[in-house]
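K.L.:
Residue 390 in numbering that gives the first Met the number 0 sits at position 391 of the sequence shown, with consecutive numbering throughout. My questions all concern the structure below.
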Amino acid sequence: MSRPRIVIVGAGFAGYRTAQTLSRLARGRAEIVLLNPTDYFLYLPLLPQVAAGILEPRRVTVSLSGTLPHVKLVLGESDRIDLDARQVHYTGPEGESGTLSYDRLVLAAGSVNKLLPIPGVAEHAHGFRGLPEALYLRDHVTRQVELAATTDDPKRCASRCTFVVVGAGYTGTEVAAHGQLFTDSQVSRHPMRTGMRPRWILLDIADRVLPELDERLSRTADTVLRERGVDVRMGTSVKEATHDGVLLTDGEFVDTQTLVWCVGVRPDPLAESLGLPMERGRLLVDPHLQVPGRPEVFACGDAAAVPDLEKPGSYTPMTAQHAWRQGKVCGHNIAASFGDGERRAYRHKDMGFVVDLGGVKAAANPLGVNLSGIAAGAVTRGYHLAAMPGNRVRVAADWLLDAVLPRQAVQLGLVRSWSVPLDTASPELARVPGMPERTRPSAPGGPDAGAEPGKGGPGSEPARNQPGGEPAKNQPGGEPARNQPGGEPAKNQPGGEPAKNQPGGEPARNQPGGEPARNQPGGEPAKNQPAVTPPPDQPPPGPDVAPGPVRRTDRPTEGDS
């Protein structure tokens with residue numbers, strides 16, 4: 000008799016903990032398959048420290064294959080789930096398609112950036128949900144400070160040294176707090192930057208910082224931010240974003256080259272595409288994390304609306320703490336469905352919250368005890384070390400080195416502006432040149448269905464390379480591309496003419512010394528791809544030009560996809 004197969008979609012806090020729990024309980028009696036676009040688990044709470052140069056990127060990533068030895072990892076993103084056939088259809092990292100059959104399914108796809116129908120935001124803002132976005136922000140902030148130090152125009156210098164963060168929740172507050180320290184350290188150690196004062200602005204329509212926390216924690220965070228020099232503006236948000244700055248809802252125009260979007264998250268569109276009962280874009284489940292009417296399907300984390308048994312009539316919020324705890328309960332309940340143990344209902348007790356504000360500053364209320372200053376900082380870092388499933392020694396070592404050595408403010412140039420668009424279904428992956436953005440299906444009537452119609456929003460004519468429009472020639476359903484199966488063989492494929500960039504052939508046009516490829520940055524845009532042009536004050540990318548901010552015109556000015 001073959002072993003039952005359990006497929007887990009997503010390796011965030013919920014998916015990783017589910018796989019970890021099942022690996023221990025199954026003891027080889029079930030095949031556990033984890034479908035995820037990356038080979039690591041990302042510890043999101045420490046991502047602001049990556050952007051601020053405190054932690055190296057690999058410190059916040061935990062190897063899936065290295066820490067889940069009895070779990071089969073499949074790299075890919077789920078495109079569609081056939082509930083009746085019990086199959087998960089996915090696309091691999093190199094474009095290949097695959098199918099996974101299952102006996103039990105765990106949907107833990109997580110969340111993506113939350114968008115609002117504000118003109119220009121999708122074009123000029125960047126989110127903060129994945130490692131590529133954090134790496135881009137660190138390079139971008141470093142570059143702006145370096146460029147500001149070499150300009151003779153005071154207005155231009157002030158624009159480059161102004162950084163706007165929208166959203167005063169956990170992420171936005173920590174990004175602004177760490178960002179101010181990061182830029183101050185760059186300026187203080189460079190004689191050419193004497194007199195420069197980086198300015199961080201934190202915006203939110205709420206009436207206080209960290210509105211989801213106790214008022215005393217909010218006051219602590221607000222005080223630390225203002226003392227550090229952050230311009231905190233509550234009851235204010237962005238009305239329009241342009242290439243030169245942002246127009247605020249109070250009528251002020253702020254000259255800036257940096258807009259960080261941290262207004263919150265929305266459930267991954269994959270949950271909505273199932274056609275099952277939803278609650279504000281989240282898949283409805285019972286207290287045992289099972290989908291009503293589909294006993295073989297479980298859901299947990301941000302993609303699931305889990306009843307809050309401590310607050311009848313409400314659902315648990317979309318936080319990492321809930322996702323982590325739900326993953327453990329989900330693993331136990333799946334094992335119980337095979338006759339191993341008893342089912343458990345998800346019930347939680349609030350153990351408190353921690354917010355890292357950089358340096359020795361933090362705000363925390365462990366077990367209801369409100370702390371601030373050094374004590375809160377020690378509790379916060381101790382909590383993160385205890386919660387991380389790996390890399391504890393490396394993280395602690397980086398913290399120690401940061402305390403005694405200056406930070407390395409250098410540009411690595413690994414992530415370009417256009418490769419981390421705000422409107423994406425895959426914030427954990429950087430866009431690859433020449434490959435169109437893949438969007439997941441979204442059912443009508445979702446949380447963004449009421450967005451203001453715009454060029455790319457609901458209610459407008461669909462773009463030709465977007466779902467619902469005329470299929471692009473290299474998209475599924477259209478004329479097959481010449482290097483895709485079913486089309487004319489590519490010239491650099493077996494059986495065709497040797498590629499011009501191979502030994503013995505003519506140099507490729509997208510290689511140094513040749514004409515740039517038409518679908519590559521710096522060349523003529525592909526006929527079915529949107530044009531991407533650099534701003535007028537920046538030289539075009541080249542072998543001797545550091546990657547700079549590229550004005551993106553491949554996103555709609557209004558609406559949420």
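Even glycine gets a Cβ: it sits at the ideal position worked out from N, Cα and C. What you are looking at is a predicted structure, and each value in this text was computed from that prediction instead of being measured.
When the Cα atoms are used, what is the spatial distance from Val49 to Arg57?
P.N.:
Going by the C-alpha atoms only, they are around 9 Å apart.
K.L.:
Give me the Cα-Cα distance between Thr567 and Thr17, rounded to the nearest whole angstrom.
P.N.:
In this structure the chain extends from 0 to 560, so residue 567 is not present and cannot be described.
K.L.:
Which runs of the beta strand (DSSP E) fall wholly inside the region 124-187 and span at least 3 residues, in chain order?
P.N.:
Runs found: 161-165.
K.L.:
Please report the straight-line C-alpha distance between Val73 and Lys310, rounded to a whole angstrom.
P.N.:
Each residue's Cα considered, the two are about 38 Å apart.
K.L.:
Go through the region 272-340 residue by residue and report every complete run of the alpha helix (DSSP H) that reaches 4 residues or more, in order.
P.N.:
Complete alpha helix (DSSP H) runs here, min 4: 319-336.
K.L.:
Return the chain-ordered list of same chain residues with a C-beta closer than 7 Å to the C-beta of Ala344, the five sequence neighbours on each side being excluded.
P.N.:
Within the same chain, Ala344 has close Cβ partners Pro286, His287 and Leu308.
K.L.:
On a Cα-Cα basis, can you pick out the residue from Trp398, Thr98, Gly312 and Val262 that is closest to Val111?
P.N.:
Selected option, being the one with the closest Cα: Val262.
K.L.:
Under the three-state reduction of DSSP, which class applies to Ala240: helix, strand or coil?
P.N.:
The answer is strand: DSSP assigns Ala240 an E or B state.
K.L.:
Kindly indicate which residue of Leu130, Asp78 and Ser77 has the alpha-carbon position closest to the one of Met51.
P.N.:
Before going further, note that residue 51 is Ala rather than Met in the sequence given. If we check each option's Cα against that of Ala51, Leu130 comes out closest.
K.L.:
Whole alpha helix (DSSP H) runs in the region 355-391 with 4 or more residues, listed along the chain?
P.N.:
Within the region 355-391, the complete alpha helix (DSSP H) runs of at least 4 residues are 372-386.
K.L.:
Helix, strand or coil: how does DSSP classify Gln19 here?
P.N.:
Reduced to three states, the DSSP call for Gln19 is helix.
K.L.:
For Phe68, which residues in the same chain have their Cβ closer than 8 Å to its Cβ, ignoring the five residues on either side in sequence?
P.N.:
Reading the sequence as shown, one finds Pro at residue 68 and not Phe. Answer for Pro68: Ser22, listed in chain order.
K.L.:
Whose C-alpha, out of Ala240, Ala396, Arg415 and Val419, is nearest the C-alpha of Ile53?
P.N.:
Taking only the C-alpha atoms, the option nearest Ile53 is Ala396.
K.L.:
Just list the residues that DSSP pairs Tyr39 with in beta bridges.
P.N.:
DSSP, once it has assigned bridges, lists Ser62 as partnering Tyr39.
K.L.:
Cα-Cα, which of Lys113, Pro276 and Val431 is closest to Val259?
P.N.:
That would be Lys113, whose Cα lies nearest to the Cα of Val259.
K.L.:
Between which residues of its own chain and Gly91 is the CB-CB distance below 7 Å, once the five residues before and five after are set aside?
P.N.:
Here the set comprises Leu74, Gly75 and Gly97.
K.L.:
Tell me the DSSP secondary structure of Asp254 in three-state form.
P.N.:
If DSSP states are grouped into helix, strand and coil, Asp254 belongs with the strands.
K.L.:
In whole angstroms, what separates the C-alpha of Leu269 from that of Phe40?
P.N.:
Cα to Cα, the separation comes out at about 19 Å.
K.L.:
Suppose you measure from the CA of Val245 to the CA of Ile117; what does that come to, to the nearest Å?
P.N.:
Distance between the alpha carbons of Val245 and Ile117: 11 Å.
K.L.:
Are the region 348-360 and the region 371-378 touching, with three or more C-beta to C-beta distances below 8 Å?
P.N.:
Because the criterion of three Cβ pairs below 8 Å is met, the region 348-360 and the region 371-378 touch.
K.L.:
How many angstroms separate the CA atom of Cys299 from the CA atom of Leu46?
P.N.:
Distance between the alpha carbons of Cys299 and Leu46 is about 22 Å.
K.L.:
Over what stretch of residues does the alpha helix (DSSP H) that includes Pro47 continue unbroken?
P.N.:
It spans Leu46 to Ala50 - the alpha helix (DSSP H) in which Pro47 sits, taken as one unbroken run.
K.L.:
How many whole angstroms separate the CB atoms of Asp138 and Leu421, which I take to be in contact at a CB cut-off of 8 Å?
P.N.:
That pair is no contact at about 17 Å.
K.L.:
Classify Asp81 as helix, strand or coil using the three-state DSSP reduction.
P.N.:
If DSSP states are grouped into helix, strand and coil, Asp81 belongs with the strands.
K.L.:
Which of the three DSSP states, helix, strand or coil, is assigned to Arg266?
P.N.:
Here the sequence assigns Pro to residue 266, which means Arg is not the residue at that position. Pro266: strand per DSSP, three-state reduction.
K.L.:
If the criterion is Cβ atoms closer than 9 Å, does the pair Asp254 and Asp243 meet it?
P.N.:
The answer is yes: Cβ separation under 9 Å.
K.L.:
Could you spell out the range, first to last residue, of the beta strand (DSSP E) harbouring Val6?
P.N.:
Looking at the DSSP string, the run of the beta strand (DSSP E) that includes Val6 is Arg4 to Val8.
K.L.:
For His321, which residues of its own chain have a beta-carbon under 7 Å away from its beta-carbon, when the five flanking residues on both sides are left out?
P.N.:
Once the five neighbours on either side are set aside, the close Cβ partners of His321 are Thr315 and His347.
K.L.:
Rounding to the nearest angstrom, what Cα-Cα distance links Asn473 and Arg430 in this structure?
P.N.:
With a pLDDT of 40 at Asn473, under the threshold of 50, the predicted position of this residue should be treated as unreliable, and no value is reported.
K.L.:
Could you tell me how far apart the beta carbons of Ile333 and Ile5 are, in whole angstroms, since I believe they sit closer than 8 Å?
P.N.:
Confirmed, about 6 Å.
K.L.:
Can you give the Cα-Cα distance for Glu341 and Gly312, rounded to whole angstroms?
P.N.:
Their backbone Cα atoms lie some 25 Å apart in a straight line.
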